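full-length UniProt numbering applies: residue 1 is where the sequence shown begins, and numbers increase by one. One structure is given below, encoded as structure tokens.
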Amino acid sequence: MEELMKHLHKIRVPQKHDKIYNDECVYSFDTPDSPTGLYVNLTTFLGLGQDHLERYYQLTENPVFLHIKRRRKEIQSEHQGDGPEKKITRLAIGKADGFTPDQQKYTYHESYEIVILPNFTTIPYPSDNLPQEVEHAIKIILEAESATKIAEIERLSEAWDGEIKAVSKHASNLKQLDNGKKVPPSGWKCEKCDLTQNLWLNLSDGSILCGRKFYDGTGGNDHAVEHYSTTGYPLAVKLGTITKEGKADVFSYDEDDMVDDPHLIQHLSHWGINITQMEKTDKSMIELELDLNQRFGEWVALQEAASKLTPLYGPGYTGLANLGNSCYLNSVMQMLFVIPDFVKRFVDGASQIFQQSYTDPANDFNVQMAKLGIGLLSGRYSMPPNNENESRQGIPPRMFKTLVGRGHPGFSSNRQQDAQEFILHLINVIDRHSRHQTNPSDCFKFKVEERYQCSHSKKVKYTYRPEYLLPLPISLESAINKKQVAAYEALKKETEAKGQKLDSNTVVRPRIEFLSCLRAFVQSETVEQFYSSALNEKTTAQKTTRLASFPDYLLIHLKKFTVKEDWTPVKLDVVVEMPELLDLSILRGHGLQSTEELLPETTGSETPPPVYDSVVLNQLTDMGFPPEACKRALYFTENRGIEAATNWLMEHIADSDFADPFLPPGIDAKPRKDKFMANEDAVAMVIWMGFTREQAIKALKATDNNLERAADWIFSHQAELDALDVDDEQAHSEEIFRDGSDQYKLVGFMSHMGTSTMVGHYVCHLLKDDRWVIFNDDKVALSENPPLNLGYIYLYKRMD
1 MEELMKHLHK IRVPQKHDKI YNDECVYSFD TPDSPTGLYV NLTTFLGLGQ DHLERYYQLT
61 ENPVFLHIKR RRKEIQSEHQ GDGPEKKITR LAIGKADGFT PDQQKYTYHE SYEIVILPNF
121 TTIPYPSDNL PQEVEHAIKI ILEAESATKI AEIERLSEAW DGEIKAVSKH ASNLKQLDNG
181 KKVPPSGWKC EKCDLTQNLW LNLSDGSILC GRKFYDGTGG NDHAVEHYST TGYPLAVKLG
241 TITKEGKADV FSYDEDDMVD DPHLIQHLSH WGINITQMEK TDKSMIELEL DLNQRFGEWV
301 ALQEAASKLT PLYGPGYTGL ANLGNSCYLN SVMQMLFVIP DFVKRFVDGA SQIFQQSYTD
361 PANDFNVQMA KLGIGLLSGR YSMPPNNENE SRQGIPPRMF KTLVGRGHPG FSSNRQQDAQ
421 EFILHLINVI DRHSRHQTNP SDCFKFKVEE RYQCSHSKKV KYTYRPEYLL PLPISLESAI
481 NKKQVAAYEA LKKETEAKGQ KLDSNTVVRP RIEFLSCLRA FVQSETVEQF YSSALNEKTT
541 AQKTTRLASF PDYLLIHLKK FTVKEDWTPV KLDVVVEMPE LLDLSILRGH GLQSTEELLP
601 ETTGSETPPP VYDSVVLNQL TDMGFPPEAC KRALYFTENR GIEAATNWLM EHIADSDFAD
661 PFLPPGIDAK PRKDKFMANE DAVAMVIWMG FTREQAIKAL KATDNNLERA ADWIFSHQAE
721 LDALDVDDEQ AHSEEIFRDG SDQYKLVGFM SHMGTSTMVG HYVCHLLKDD RWVIFNDDKV
781 ALSENPPLNL GYIYLYKRMD
């Protein structure tokens with residue numbers, strides 16, 4: 001007790017604004033459940049694993065900790081089998097009748113003691129005669145919601161809850177035709193095919209049509225949504241879900257979501273439906289989605305469920321817990337930490353990273369990257385279970401997910417996201433935190449060469465830009481098994497017309513040769529309204545794209561997601577024959593040739609700036625399209641109106657430069673101005689908002705020292721905020737690109753199951769120790785049949 005009294009002035013009582021990390025170490029994945037427990041510092045309230053105690057004490061001289069150890073015991077249940085113990089009736093996480101966390105299957109016993117460094121003096125807790133402030137501090141620490149839990153609750157405020165529905169904007173003034181139709185109480189059938197399940201009654205004209213196909217091939221034939229595309233009638237109710245209480249599944253095609261119709265009884269009555277006689281006979285959309293989500297473990301091809309997979313444990317074989325649709329993050333991080341650049345920066349350099357940040361390491365990006373890398377590669381959290389009934393526990397990347405997603409509307413939520421978009425977002429964040437350090441993402445960076453040739457003068461222009469992923473288009477026209485696919489589709493249509501379904505094992509997917517994707521990428525395209533400085537007027541040009549450098553690791557993104565003519569997103573269900581050894585010599589760019597003549601440089605001063613229809617521009621941005629993309633659309637459609645511009649946007653939405661700052665083709669960037677002098681008062685205000693001085697000056701430079709515009713610029717230009725230094729004159733004079741052989745070897749790939757990037761599941765396969773390993777969230781196993789041809793993003797290593 002005497003030693004405690006010497007340090008009493010160091011002990012703080014937590015205040016409302018203090019973050020208390022009482023459930024996980026900020027530097028590792030140690031928790032109170034770990035063999036050595038968790039130590040919470042009584043000055044800063046940071047949680048620490050035993051391995052980090054002495055280093056932290058040496059850096060901070062904060063000596064007093066509350067040591068928490070917890071032992072859990074599984075609750076014995078009469079329930080047997082692999083399914084959930086209770087019937088799940090609600091598509092929600094952590095809510096009544098929904099999915100419940102694993103920890104609710106256990107009871108816990110906690111023990112505590114006070115530990116004082118450097119001698120590890122211990123005092124039991126509770127203990128008599130403890131100073132009142134120590135008692136008070138410990139009581140608050142033990143009762144407080146942890147900082148990680150609070151962040152998780154904030155995410156769950158936007159979480160997965162299929163029962164929360166907005167009232168449809170069409171409900172109060174819905175148009176209903178007087179066409180004499182009356183709907184019988186049963187015996188329904190689709191008016192365009194013979195399906196008798198998943199039927200939807202359009203509330204405007206009384207038509208009964210089948211619903212959309214689900215990603216596993218079940219559902220309907222899309223006749224209800226096709227009817228909306230033709231008629232524009234927005235609301236439909238799912239027959240078989242109508243109850244006596246006036247509840248049912250109502251979908252708004254215009255709002256593209258399940259909605260609430262407070263006038264549903266009246267709307268149904270118009271078609272002769274008396275709800276007092278209705279009984280629920282069909283599964284609701286929530287129940288169907290639950291069925292589909294709970295069948296993820298049965299997705300044979302991607303998860304290799306047909307094989308009895310051998311679990312792997314030890315260094316490099318640690319799984320990641322799925323924190324509410326975070327499988328996209330899990331797959332990306334598993335892939336990154338097989339790359340030496342990331343291991344060197346964040347794992348081998350972890351000691352230096354940890355020493356540079358000890359005041360709030362949970363909010364230090366480099367610390368959380370290092371923590372995650374060590375957690376995945378050390379093997380400390382990948383131990384075989386004590387018995388066959390004990391489930392494997394993956395490390396939960398809670399702090400990392402909260403930090404990397406902060407401020408991003410998608411990645412800060414618990415909704416599923418696109419792995420390709422997350423990779424680019426993460427590279428951006430890493431770049432921001434690599435100003436004075438080696439950037440590990442440089443191993444992905446390559447230079448894209450774009451060559452324009454004026455159709456009249458035949459003179460050429462070369463432009464270059466950096467990229468981190470190679471997007472390859474997929475053309476169904478290039479399928480090598482068109483006849484077999486056509487025969488399958490005909491058989492499928494015939495079978496469904498009889499109200500039956502084909503066995504899922506008989507699916508025939510279009511087979512695409514990888515070379516056809518490469519050819520589509522390199523083929524020449526015609527650029528309209530190209531300003532030719534040789535002619536001083538607009539004309540056409542031929543554009544070809546090549547690679548001017550080949551990175552150490554090449555990420556290939558197969559563009560499987562597109563949109564149908566009605567703008568509904570769709571995923572191409574194809575097989576792309578990806579080679580394990582890759583020859584990319586066809587992509588090699590060679591720059592200006594001796595036989596070519598360059599177009600004269602131009603800054604656009606020779607021609608008036610493009611004029612955009614402001615009304616249409618506002619309409620397009622209100623629809624959610626990026627402003628620069630809208631300018632592109634109006635330029636290339638010559639301001640012909642909203643329909644032409646929208647069609648252009650939908651056709652080019654997957655272009656790599658879709659949202660980049662727009663310059664008319666043929667126009668060079670403006671020359672550098674005199675050295676920019678920032679308004680220091682404005683700089684101070686932007687820094688006060690939480691940005692660095694360099695970022696503040698960059699924003700003010702882009703907005704001519706206008707503070708209000710600078711703030712808007714920052715929030716709309718997060719991606720390129722740190723792309724260049726403050727002054728172009730003082731910037732990296734020329735970007736460095738690694739280069740070498742154009743021969744590559746496949747070392748990893750991510751697969752996606754589902755119809756959209758916003759739903760479904762990701763699985764990662766990696767080549768480790770000359771064998772394929774599957775990483776499926778917390779499950780890590782030897783891969784028996786890696787689905788090499790069903791991937792979404794592929795990782796190739798350059799062979800030098």
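Glycine residues also receive a C-beta, built at the ideal position from the N, C-alpha and C atoms. This one's a predicted model, so the numbers in the text were calculated from it and none came from an experiment.
Taking only runs of the alpha helix (DSSP H) that begin and end inside the stretch 325-370, which ones reach a length of at least 4 residues, in chain order?
-> Complete alpha helix (DSSP H) runs here, min 4: 327-336, 350-356.
Where residue 887 falls, given that 16 or more other Cβ within 10 Å makes a residue buried | Coverage of the chain is limited to positions 1 through 800, which leaves residue 887 absent and any answer about it impossible.
Cβ distance (whole Å) where Gly499 is taken to contact Asp194 below 8 Å = 5 Å
Is Arg392 near the ligand SAH, going by C-beta to nearest heavy atom under 6 Å?
-> Within the structure as shown, the ligand SAH is missing, as the structure has no ligands at all.
Where Tyr794 sits in the DSSP three-state scheme = strand
For Asn330 and Pro579, the rounded distance between their alpha carbons = 25 Å
Three-state class that DSSP yields for Asn428 in the structure shown = helix
Reduced DSSP secondary structure (H/G/I, E/B, other) of His17 | coil
Per DSSP, cross-strand counterpart(s) of Val40 | Gly47, Leu66
Do Glu450 and Thr463 have their CB atoms nearer than 7 Å?
-> yes
Which listed residue (Tyr612, Phe737, Ser412, Ala644) has its alpha carbon closest to that of Glu467 = Phe737
Beta-carbon contacts of Ser378 that lie in its chain and below 7 Å, excluding the five residues immediately before and after = Pro315
How big is the Cα-Cα spacing for Thr230 and Ser783?
-> Approximately 47 Å, taken between the alpha carbons.
Give the single residue among Pro600, Arg693, Gly219 whose Cα lies nearest to the Cα of Gln453.
-> Pro600
Straight-line gap, Ile20 to Phe530 (C-alpha atoms, nearest Å) | 59 Å
Report buried or exposed for Phe400, applying the criterion of at least 16 other Cβ atoms within 10 angstroms of its Cβ.
-> When all chains shown are included, Phe400 counts as buried.
If you run the structure through DSSP and keep just helix, strand and coil, what is Ile423?
-> In the structure shown, Ile423 sits in a helix (DSSP, three-state: H, G or I).
Closer than 6 Å by C-beta to Phe346: which residues in its own chain qualify, once you throw out the five before and the five after it? Chain order, please.
-> Scanning its chain for C-beta atoms nearer than 6 Å, with the 5 sequence neighbours on each side dropped, one finds around Phe346 the residues Met369, Ala370, Gly373, in chain order.
Answer yes or no: do Gln420 and His270 have a C-beta to C-beta separation smaller than 7 Å?
-> No.
Is it buried or exposed for Pro396, if we count other Cβ within 10 angstroms and need 16 for buried?
-> buried
Unbroken alpha helix (DSSP H) run spanning Ala486, endpoints = 482-497
Could you tell me if Leu91 is buried or exposed, where buried requires 16 or more neighbouring beta carbons within 10 angstroms of its beta carbon?
-> With a pLDDT of 39 at Leu91, under the threshold of 50, the modelled position of this residue cannot be trusted; read the value that follows with caution. By the beta-carbon neighbour count (other beta carbons within 10 angstroms, threshold 16), Leu91 is buried.
So, Val13 versus Ala147, is the Cβ gap smaller than 7 Å?
-> Taking 7 Å as the Cβ cut-off, Val13 and Ala147 do not qualify as a contacting pair.
Are the stretch 167-184 and the stretch 57-64 touching by the rule of at least three beta carbon pairs closer than 8 Å?
-> no
Would you say the stretch 26-43 touches the stretch 402-412, given that touching needs at least three Cβ pairs under 8 Å?
-> no
Would you mind giving the Cβ-Cβ distance between Asn789 and Val575, rounded to the nearest angstrom? I have them listed as a contact below 8 Å.
-> About 5 Å separates the two Cβ atoms, so the contact holds.
Nearest-angstrom Cβ-Cβ length linking Leu235 and Ala248, presumed shorter than 8 Å = Between Leu235 and Ala248 the beta-carbon gap is near 11 Å, outside 8 Å, which marks them as no contact.
Kindly indicate which three-state DSSP category Tyr233 falls into: helix, strand or coil?
-> Three-state result, Tyr233: coil.
Under 8 Å by Cβ, that's how I've got Tyr328 and Gln437 pegged, so tell me the actual separation to the nearest angstrom.
-> Not confirmed; about 26 Å, so no contact.
Quick one, are the C-beta atoms of Glu3 and Thr121 less than 7 Å apart?
-> yes
Alpha-carbon to alpha-carbon, Leu581 and Thr595 | Their backbone Cα atoms lie some 34 Å apart in a straight line.
Option in Gln356, Tyr313, Pro440 with minimal Cα separation from Met383 | Tyr313
Extent of the continuous beta strand (DSSP E) to which Gln529 belongs = 525-532
Can you list, in chain order, the residues of its chain whose CB lies under 8 Å from that of Trp200, leaving out five sequence neighbours each side?
-> Only residues of its own chain outside the window of five on either side were considered, and among them Ile208, Leu209, Cys210, Gly211, Ala224, Ala236, Val237, Lys238, Leu239, Phe251 have a CB closer than 8 Å to the CB of Trp200, listed in chain order.
Using the Cα positions of Tyr253 and Tyr228, report the straight-line distance between them to the nearest angstrom.
-> 7 Å
Might you give, ordered along the chain, the residues of its own chain that have their beta carbon closer than 7 Å to the beta carbon of Gly641, omitting 5 neighbours on each side?
-> Cβ neighbours of Gly641 beyond the five flanking positions: Val616.
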